[in-house]
Amino acid sequence: MASAFFANWRQNIIYIGFVVIFIVFAATLADKGFLNPNNLLNIVRQTAMIAVMAIAMTFVLSAGEIDLSVGAVAGLSTVTVAMAIAVGGPFVGVIAGLATGLAVGMFNGWLTTRIGIPSFLTTLAMMGIAKGVAMWISATAAVPILSPGYSWLFGGGNVGPVPVLLLWMVILGAIGHIVLRRTGFGRRVLATGGGETAARYSGIDTKAIKFKVLVISSCAAALAGMLYAGRLQSGRFQLGEGDELSVIAAAVLGGTSLFGGRGTVIGTIVGALMIGLINNGLILMGLEFSQQLIARGGIIILAVALSQKRA
Amino acid sequence: MSATAAAVRMTGISKAFGGVRALDGVSLEVLPGEVHALLGGNGAGKSTILKILNGVHRPDQGTIEVGGVPLTTHTPEASRAAGIAMNYQEMSLVPTLTVAQNIFLTREWRDGAGLIDDEEAERRAAEIFAMLEVFVDPKALVADLGAGQKQLTEIAKAISQDAKVLVLDEPSTALAVSDVERLFVFLRKLKAKGVAIIYVSHRMDEIARIADRATILRDGRHVITAPLSELPIDTMIEHIVGRRSKGLSDVERTQAAKGEVLLQLKDVSGVHKPEHVSLTLHRGEVLGLAGLLGSGRSSLARVMAGIEPIAAGEISIKGRSIVIRKPSDAIAAGVALVPEARATQGIIPAHSVASNMILAVIGRLSKAGFVETKAANDLTDAQIARLKVKTASREHAVATLSGGNQQKVVIGKWLATDPDILILDEPTAGIDIGSKSEIIRLVRDLAAAGKGIIMISSELSELLTACDRILVMADGRVHQDLPREALDDPDVPVDDQAHRLQAAEQRLQIEIQKALAVQEI
Numbered sequence: 001m002a003s004a005f006f007a008n009w010r011q012n013i014i015y016i017g018f019v020v021i022f023i024v025f026a027a028t029l030a031d032k033g034f035l036n037p038n039n040l041l042n043i044v045r046q047t048a049m050i051a052v053m054a055i056a057m058t059f060v061l062s063a064g065e066i067d068l069s070v071g072a073v074a075g076l077s078t079v080t081v082a083m084a085i086a087v088g089g090p091f092v093g094v095i096a097g098l099a100t101g102l103a104v105g106m107f108n109g110w111l112t113t114r115i116g117i118p119s120f121l122t123t124l125a126m127m128g129i130a131k132g133v134a135m136w137i138s139a140t141a142a143v144p145i146l147s148p149g150y151s152w153l154f155g156g157g158n159v160g161p162v163p164v165l166l167l168w169m170v171i172l173g174a175i176g177h178i179v180l181r182r183t184g185f186g187r188r189v190l191a192t193g194g195g196e197t198a199a200r201y202s203g204i205d206t207k208a209i210k211f212k213v214l215v216i217s218s219c220a221a222a223l224a225g226m227l228y229a230g231r232l233q234s235g236r237f238q239l240g241e242g243d244e245l246s247v248i249a250a251a252v253l254g255g256t257s258l259f260g261g262r263g264t265v266i267g268t269i270v271g272a273l274m275i276g277l278i279n280n281g282l283i284l285m286g287l288e289f290s291q292q293l294i295a296r297g298g299i300i301i302l303a304v305a306l307s308q309k310r311a
Numbered sequence: 001m002s003a004t005a006a007a008v009r010m011t012g013i014s015k016a017f018g019g020v021r022a023l024d025g026v027s028l029e030v031l032p033g034e035v036h037a038l039l040g041g042n043g044a045g046k047s048t049i050l051k052i053l054n055g056v057h058r059p060d061q062g063t064i065e066v067g068g069v070p071l072t073t074h075t076p077e078a079s080r081a082a083g084i085a086m087n088y089q090e091m092s093l094v095p096t097l098t099v100a101q102n103i104f105l106t107r108e109w110r111d112g113a114g115l116i117d118d119e120e121a122e123r124r125a126a127e128i129f130a131m132l133e134v135f136v137d138p139k140a141l142v143a144d145l146g147a148g149q150k151q152l153t154e155i156a157k158a159i160s161q162d163a164k165v166l167v168l169d170e171p172s173t174a175l176a177v178s179d180v181e182r183l184f185v186f187l188r189k190l191k192a193k194g195v196a197i198i199y200v201s202h203r204m205d206e207i208a209r210i211a212d213r214a215t216i217l218r219d220g221r222h223v224i225t226a227p228l229s230e231l232p233i234d235t236m237i238e239h240i241v242g243r244r245s246k247g248l249s250d251v252e253r254t255q256a257a258k259g260e261v262l263l264q265l266k267d268v269s270g271v272h273k274p275e276h277v278s279l280t281l282h283r284g285e286v287l288g289l290a291g292l293l294g295s296g297r298s299s300l301a302r303v304m305a306g307i308e309p310i311a312a313g314e315i316s317i318k319g320r321s322i323v324i325r326k327p328s329d330a331i332a333a334g335v336a337l338v339p340e341a342r343a344t345q346g347i348i349p350a351h352s353v354a355s356n357m358i359l360a361v362i363g364r365l366s367k368a369g370f371v372e373t374k375a376a377n378d379l380t381d382a383q384i385a386r387l388k389v390k391t392a393s394r395e396h397a398v399a400t401l402s403g404g405n406q407q408k409v410v411i412g413k414w415l416a417t418d419p420d421i422l423i424l425d426e427p428t429a430g431i432d433i434g435s436k437s438e439i440i441r442l443v444r445d446l447a448a449a450g451k452g453i454i455m456i457s458s459e460l461s462e463l464l465t466a467c468d469r470i471l472v473m474a475d476g477r478v479h480q481d482l483p484r485e486a487l488d489d490p491d492v493p494v495d496d497q498a499h500r501l502q503a504a505e506q507r508l509q510i511e512i513q514k515a516l517a518v519q520e521i
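Chains as they are written, first to last, in full-length UniProt numbering: chain A, 1 to 311; chain B, 1 to 521.
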């Protein structure tokens, strides 16, 4: 087992890299509180939203598509949730958040599969639309959420010592992993991205698969927005801004192919945690924001380069 | 025959693609428990009718019954539900999935909890391969397989469906002879169980061994359906070839003056194919490579053009031994390849005629990094005039041209490099008959102008019209080196050009089949 793991080290670079970086930070940053349980749980809290979106992004990339609108949709959903809670309470808020994701996802899917606009463009345009709508309906102001129950369940709470956000990440990760690996839907997603013509000839409705992954992605983005809103007890259009790049980086770091056909949810979650870990470590090192950006970019390039199969 | 319901009855099927009739009122009836061969030349409509049966294409006209039940929905799902399974030529495999995952794609084995059980799928896949007595690793990624193993995976995928109708489209192209024999043993077992098998192959000897009846198509029309006992191989070939050579037969053949030796191959082998090929090409000569798909013709062309590495042997040009490691080496040595896949390897469809024409000589036309517009335009205009390319202007996108004119752009692009040796791989594929004879004439003219030309074509009538000498290839080797005259039938009068060409085509077809038979011994 162990020898097979290291024989395929390029495939498993994310796990090796995660452990290596963790050990380096543990050794060098121990005196700055890196190993403090609270610090470690904070990494999880900061990473959970990225991880939730990245789980869905794994499906999108595996099907050979991309979704650039996730960050903006998360921001939009924080606003719709907060406004709906103000009007009708937490239950209505949750419905509003999910409806936001469903509506955006169906629109993305419809444009991509029926009109035939590549998802790169569909979702790039949607990124602007979602952000604009969020700014417009909130008049660019933060919308407070005054429901402790909502805030506990969606982001703020703990079960004993365990943050609720960690539970969200673990439960959605487990579901995502099983769906991708062990269900007919997951297999169809991988087949669609791996060889669309072959999948179609094998009787797979590849358009329906692409539609579904885009809907799933937007719904996951809306859920991530709900978690942001719960954690910060407000809805703001800026929340989630720029997350799409971290989300895609997490999935690719984890071993999901940008060209489709290959994806792993567990790798994605570790990829998301690794990005969180790097951010945390660089802050504790006392690097300035500009230096953090450079170091983070360098580490991601290194990891992805090492994971590439050599011809 | 009417007592038992036919396994498949396709009646009056017509299908057109953008104005081109691929099928015209074709009927096909296959009985349970028979192996039915489907035969025809390139473009006869075999693939189209199979894709209609399999739900990939929708017929414009006609009806399909499977086991007496009309098939009204035309999707791959519906056809499969009706009990039809088909292997495609590597089209239905997903490279990123494993062999077992591909075989059972959309029919995955489930465990008790309803989740996909890949281990069970791997066991079942191994059983199928064991039954065929071949070895393919069910856990291997399809992307890592060679062509033969992919073919076996395709076949395993088709037979794993327990279909009532099994369609095998050229299953033997990538198989070793012993594998084909095992496939036949298995097909006979299926036949005994009442499965109807539609078998497509260009290998007449195989057809003669396995098939009970055959249907022959030509130019999208039904020619004949008959028991194999009434169809000896030469009769089959006659029906396949027919009299479709008009238009080519009026290309005048003149004996070109043979000059110095331009190209010589000594015992050249590629990594897989070709194997130990030796050949000589003279100035002013057109040399044809005949053979079936997988015979090594295109690999040989790619080795000469530096696209595939040479594994052994020696290439010399004008008497000097040279080393070709990459395409630019070949170009520098005066070898140009007009590749097989025009749309992907030959042209950049969205770019203008001019920018395609100068692609291979940008360096020569540039000064200080800038392409000299005037020189580029002059070159393009000269090639358009020389090759009679029909285009609205040199600035029009190549995609707006007809197939024949696109091919002329590719040829023009390579002529711009001023090669001594021009290799043309299927130069007339997918272009209309008028343009075909124009391309053939162009090939003759280029040879007369002192180039040495190697031409690959699956259309034998074209090879016969264009070439001075024809090498017959099978299994990566050259089996025959025939001067063009050797294929003429002395009994056919010289002035009956169409008939002469047809007779020569039958002879060449027989030579190709003989080459295949040699390899089986």
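C-beta: ideal position from N, C-alpha, C; glycine also.
Nonlocal neighbours in the same chain, by C-beta distance under 7 Å from K15 (chain B), ignoring five residues either side: For the purposes of this step, residue 15 (chain B) is identified with residue 15 of the second sequence, where counting begins at 1. For K15 (chain B), where only same-chain residues beyond five positions count, the Cβ hits under 7 Å are A22, L23, T48, I52, H57, P59 and D60.
Assuming L124 (chain A) contacts L68 (chain A) (C-beta within less than 8 Å), just tell me the rounded distance between them. The count along the first sequence starts at 1 and reaches residue 124 (chain A) at position 124. The count along the first sequence starts at 1 and reaches residue 68 (chain A) at position 68. Their Cβ separation, rounded to whole angstroms, is 5 Å, which keeps L124 (chain A) and L68 (chain A) in contact under 8 Å.
Report yes if the CB atom of L289 (chain B) is closer than 7 Å to the CB atom of L279 (chain B), and no otherwise. Taking the first residue of the second sequence as position 1, residue 289 (chain B) is located at position 289. Taking the first residue of the second sequence as position 1, residue 279 (chain B) is located at position 279. Pairing L289 (chain B) with L279 (chain B) gives a Cβ-Cβ distance that is not under 7 Å.
Return the chain-ordered ranges of every alpha helix (DSSP H) run that is complete within the segment 81-161 of chain B and spans a minimum of 4 residues. Runs found: 99-103, 118-131 and 147-159.
Taking CB distances under 7 Å as the criterion, tell me whether A208 (chain A) reaches chain B. The count along the first sequence starts at 1 and reaches residue 208 (chain A) at position 208. Taking Cβ atoms only, chain B never reaches closer than 7 Å to A208 (chain A), which makes this a no.
Looking at the strands, I want to know which residues DSSP matches up with F370 (chain B). Taking the first residue of the second sequence as 1, we reach residue 370 (chain B) at position 370. Checking the DSSP bridge columns, you'll see F370 (chain B) partnered with B:K367.
Per DSSP, what kind of secondary structure is L306 (chain A) in: helix, strand or coil? Within the first sequence, residue 306 (chain A) is the residue found at index 306, counting from 1. The answer is helix: DSSP assigns L306 (chain A) an H, G or I state.
Between B:G403, B:E505 and B:G476, which has its C-alpha nearest V518 (chain B)'s C-alpha? To locate residue 518 (chain B), count along the second sequence from 1; it is residue 518. V518 (chain B) has its Cα closest to that of B:G476, out of B:G403, B:E505 and B:G476.
Answer yes or no: does any C-beta atom of chain A fall closer than 7 Å to that of S160 (chain B)? Working through the second sequence from its first residue, we reach residue 160 (chain B) at position 160. Interface criterion not met: the Cβ of S160 (chain B) is under 7 Å from no Cβ in chain A.
Measure the alpha-carbon distance for Y228 (chain A) versus I13 (chain A) and round it to whole angstroms. Here residue 228 (chain A) is taken as the residue at index 228 of the first sequence, counted from 1. Here residue 13 (chain A) is taken as the residue at index 13 of the first sequence, counted from 1. Their backbone Cα atoms lie some 30 Å apart in a straight line.
Cα separation between residue 525 (chain B) and I159 (chain B)? Absent from the structure is residue 525 (chain B), since the part of chain B shown begins at 1 and ends at 521.
Hey, quick one: how far does the beta strand (DSSP E) through L228 (chain B) stretch, first residue to last? Mapped onto the second sequence, residue 228 (chain B) falls at position 228. First-last for L228 (chain B): undefined, no H or E at that position.
Please list the segments of the alpha helix (DSSP H) lying wholly inside the segment 403-452 of chain B, counting only runs of 4 or more residues, in order along the chain. Listed in chain order, they are 403-415 and 433-448.
Which residue's Cα is closest to the Cα of L302 (chain A): A:F259, A:G132, A:T28 and A:I275? Position 302 of the first sequence, counted from the start, is the residue given in the question as residue 302 (chain A). When only C-alpha atoms are compared, the closest one is A:I275.
Using a beta-carbon distance below 7 Å, is S92 (chain B) in contact with chain A? Reading the second sequence from its first residue, position 92 is the one you call residue 92 (chain B). Yes, S92 (chain B) counts as interfacial toward chain A.
So, is the C-beta of G203 (chain A) closer than 7 Å to a C-beta in chain B? Start at 1 with the first residue of the first sequence, and residue 203 (chain A) comes out as number 203. Judged by the 7 Å Cβ criterion, G203 (chain A) is in contact with chain B.
DSSP three-state label for Q238 (chain A), please. The residue labelled residue 238 (chain A) in the question sits at position 238 within the first sequence. Coil, per DSSP.
From L166 (chain A) to H272 (chain B), what does the alpha carbon distance come to, in whole angstroms? What you label residue 166 (chain A) is simply residue 166 of the first sequence in a count that begins at 1. What you label residue 272 (chain B) is simply residue 272 of the second sequence in a count that begins at 1. One C-alpha to the other measures close to 54 Å.
Where V8 (chain B) falls, given that 16 or more other Cβ within 10 Å makes a residue buried: By 1-based counting over the second sequence, the position of residue 8 (chain B) is 8. Classification for V8 (chain B): buried.
Note down the Cα distance separating L387 (chain B) from L442 (chain B), rounded to an integer number of angstroms. Walking along the second sequence from the start, residue 387 (chain B) turns up at place 387. Walking along the second sequence from the start, residue 442 (chain B) turns up at place 442. Rounded to whole angstroms, L387 (chain B) to L442 (chain B) spans 8 Å at the Cα level.
Contact criterion: CB-CB distance below 7 Å. Does L115 (chain B) meet it with respect to chain A? Start at 1 with the first residue of the second sequence, and residue 115 (chain B) comes out as number 115. Among the CB atoms of chain A, one or more fall inside 7 Å of the CB of L115 (chain B).
Do we get a CB-CB distance below 7 Å when we pair R182 (chain A) with the residues of chain B? Position 182 of the first sequence, counted from the start, is the residue given in the question as residue 182 (chain A). At a cut-off of 7 Å, the C-beta of R182 (chain A) has a neighbouring C-beta in chain B.
With three or more C-beta pairs closer than 8 Å as the rule, is the segment 101-115 of chain A touching the segment 72-90 of chain A? Segments in contact, yes.
To the nearest angstrom, how far is the alpha carbon of R209 (chain B) from that of A226 (chain B)? Here residue 209 (chain B) corresponds to residue number 209 of the second sequence, with the count starting at 1. Here residue 226 (chain B) corresponds to residue number 226 of the second sequence, with the count starting at 1. For R209 (chain B) and A226 (chain B), the gap between their C-alpha atoms comes out near 15 Å.
So which residues of chain B does I175 (chain A) contact, with C-beta pairs closer than 8 Å? Residue 175 (chain A) sits at position 175 when you count from the first residue of the first sequence. Per Cβ cutoff of 8 Å: no residues; I175 (chain A) is ~12 Å from chain B at best.
Please name the residue, chosen from B:E462, B:S461, B:N356 and B:P483, that lies closest to L471 (chain B) on a Cα-to-Cα basis. One-based indexing of the second sequence puts residue 471 (chain B) at position 471. Measuring from the Cα of L471 (chain B), the nearest candidate turns out to be B:P483.
T98 (chain B): buried (16+ other C-beta within 10 angstroms of its C-beta) or exposed? Working through the second sequence from its first residue, we reach residue 98 (chain B) at position 98. Its Cβ being crowded by 16 or more others within 10 Å, T98 (chain B) is buried.
Cβ contact (3+ pairs, closer than 8 Å) linking the segment 185-199 of chain A and the segment 254-262 of chain A: Contact between the segment 185-199 of chain A and the segment 254-262 of chain A is present: 3 or more CB-CB pairs across the two stretches fall below 8 Å.
Just to confirm, is the Cβ distance from I155 (chain B) to P171 (chain B) under 7 Å? Working through the second sequence from its first residue, we reach residue 155 (chain B) at position 155. Working through the second sequence from its first residue, we reach residue 171 (chain B) at position 171. In terms of Cβ geometry, I155 (chain B) and P171 (chain B) form a close pair [threshold 7 Å].
At least 3 beta-carbon pairs within less than 8 Å: the segment 294-305 of chain B vs the segment 450-465 of chain B: Flag = yes, the segment 294-305 of chain B and the segment 450-465 of chain B touch.
Excluding sequence positions up to five away, which residues of its chain have a Cβ less than 7 Å from the Cβ of K514 (chain B)? Taking the first residue of the second sequence as 1, we reach residue 514 (chain B) at position 514. Sequence-distant partners of K514 (chain B) (beyond 5 residues in either direction) whose C-beta falls short of 7 Å from its own C-beta are missing from its chain.
So does the segment 55-69 of chain A actually touch the segment 212-228 of chain A, counting three or more Cβ pairs closer than 8 Å? Inter-segment contact for the segment 55-69 of chain A and the segment 212-228 of chain A is present: three or more beta-carbon pairs are separated by less than 8 Å.
Given L424 (chain B), which residues of its chain have a CB within under 6 Å of its CB, disregarding the five upstream and five downstream residues? To locate residue 424 (chain B), count along the second sequence from 1; it is residue 424. Cβ neighbours of L424 (chain B) beyond the five flanking positions: V338 and M455.
Suppose the cutoff is 6 Å on Cβ atoms and the five residues either side in sequence are ignored; what does the same chain contact list for L28 (chain B) look like? Looking up residue 28 (chain B) in the second sequence gives position 28. A distance below 6 Å between beta-carbons, with the five flanking residues on each side excluded, links L28 (chain B) to the following residues of its chain, in chain order: M10 and T215.
Three-state class that DSSP yields for T47 (chain A) in the structure shown: Taking the first sequence and counting its residues from 1, one reaches residue 47 (chain A) at position 47. Three-state result, T47 (chain A): helix.
Taking DSSP as the reference, what is the three-state secondary structure of I21 (chain A)? As a working note, residue 21 (chain A) is residue 21 in the first sequence. If DSSP states are grouped into helix, strand and coil, I21 (chain A) belongs with the helices.
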